[in-house]
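A.B. asks: Numbering-wise (this note's numbering), the sequence shown opens with residue 48 and increments by one.
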Amino acid sequence: MKFTKEVSVEIDRLINSIRNVISGDIFDTEVVKISTKDIGKLKSGWNFDWIKESKSGSVYKLTIKNNPDVIQGLISLYDNVDHIFIDLIESAAFNIGKNKVYEGVAGNLFAFACKLSFEKGYDGFTSFIAKTNLIPHYIKLLNARRISNTQILVIDNIAARNLIKKYFEN
48 MKFTKEVSVE IDRLINSIRN VISGDIFDTE VVKISTKDIG KLKSGWNFDW
98 IKESKSGSVY KLTIKNNPDV IQGLISLYDN VDHIFIDLIE SAAFNIGKNK
148 VYEGVAGNLF AFACKLSFEK GYDGFTSFIA KTNLIPHYIK LLNARRISNT
198 QILVIDNIAA RNLIKKYFEN
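1. Which same chain residues end up closer than 7 Å to residue 94 when comparing Cβ atoms and leaving out the 5 residues on each side of it in sequence?
2. Under a three-way DSSP split, which group does residue 67 fall into?
3. So, are the CB atoms of residue 54 and residue 207 less than 8 Å apart?
4. Are there three or more Cβ pairs, one per stretch, closer than 8 Å when the segment 145-152 is compared with the segment 179-193?
5. When we look at the beta-carbon of residue 140 and count the other beta-carbons within 10 Å, is it buried (16 or more) or exposed?
6. If you measure between the beta carbons of residue 135 and residue 80, is that distance less than 8 Å?
7. Would you list, in sequence order, the uninterrupted beta strand (DSSP E) runs of no fewer than 3 residues that lie entirely inside the segment 71-133?
8. Determine the extent of the alpha helix (DSSP H) in which residue 174 is found, giving its start and end residues.
9. State the DSSP-derived secondary structure class of residue 208, mapped to helix, strand or coil.
10. Using only the alpha-carbon positions, how far apart do residue 110 and residue 66 sit?
11. Out of 114, 106, 210, point me to the one whose CA is closest to residue 122's CA.
12. How many angstroms separate the CA atom of residue 164 from the CA atom of residue 215?
13. Check the C-beta distance from residue 174 over to residue 199 and give it rounded, since I have them as a contact under 8 Å.
14. May I ask which residues mark the beginning and end of the alpha helix (DSSP H) holding residue 152?
15. Identify whether residue 58 lies in helix, strand or coil by the three-state DSSP scheme.
Rendered as structure tokens:
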């Protein structure tokens, strides 16, 4: 399968879950595969066609624990036999920009991809194609490594462990 989509989500903050930007309250989250019920909610309000994406890849939703109906963000992943490939990540519209409700959504989803990579026996290795102007951002915040002079970034074993510790080992 040829991957041509660019990950273009901006990581606002790496925190141990997601944080309400107004109150400062931190909420525990969970990431689960989207259900048939969820697919109906993906028709509008998203930049990507998640219905189409759900037919070709594994799409997971990030929600606040005990509030599974409000999707905070989505991620599409592929198992590439030796690592997890992140095809798309998107924060919900209400979590983007200066008036966002929660921060930490994108970082949480990247950490989930790394966790899944460990669970599959891939030592946390995860890759994605980054939008060119966000490459330095991902290198700085995720400690991702660039493959040669391409847009392909890799989160290695050490960077993956650090992300997982931040989000899943509290």
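Heads up, the beta-carbon is just placed ideally off N, CA and C, and yes, glycines get one too.
C.D. replies: For this structure:
1. As a position in the sequence shown, residue 94 is number 47, starting the count at 1. Within the same chain, residue 94 has close Cβ partners 137.
2. Indexing the sequence shown from 1 puts residue 67 at position 20. Note: residue 67 maps to strand in three-state DSSP.
3. Within the sequence shown, the letter at position 7 stands for residue 54. Within the sequence shown, the letter at position 160 stands for residue 207. No, these two residues do not count as a Cβ contact at 8 Å.
4. no
5. The count along the sequence shown starts at 1 and reaches residue 140 at position 93. Burial call: exposed.
6. Here the question's residue 135 lines up with position 88 in the sequence shown. Here the question's residue 80 lines up with position 33 in the sequence shown. No. Outside cutoff.
7. 76-80, 105-111, 120-126
8. Residue mapping note: residue 174 aligns to position 127 of the sequence shown, counting from 1. It is not in any alpha helix (DSSP H) - residue 174 instead sits in the beta strand (DSSP E) that spans 173-176.
9. As a first step, residue 208 is located in the sequence shown; it is residue number 161 there, counting from the start. Helix, per DSSP.
10. Translated into positions along the sequence shown, residue 110 becomes position 63. Translated into positions along the sequence shown, residue 66 becomes position 19. Their backbone Cα atoms lie some 12 Å apart in a straight line.
11. Within the sequence shown, the letter at position 75 stands for residue 122. Of 114, 106, 210, the residue nearest in Cα terms is 106.
12. Position 117 of the sequence shown, counted from the start, is the residue given in the question as residue 164. Position 168 of the sequence shown, counted from the start, is the residue given in the question as residue 215. Each residue's alpha carbon lies about 14 Å from the other.
13. Stepping through the sequence shown from its first residue, residue 174 is reached at position 127. Stepping through the sequence shown from its first residue, residue 199 is reached at position 152. At roughly 6 Å, the Cβ-Cβ gap stays under 8 Å, so residue 174 and residue 199 are in contact.
14. For the purposes of this step, residue 152 is identified with residue 105 of the sequence shown, where counting begins at 1. Counting along the chain, the alpha helix (DSSP H) containing residue 152 begins and ends at 152-166.
15. The residue you call residue 58 lines up with position 11 of the sequence shown. Reduced to three states, the DSSP call for residue 58 is coil.
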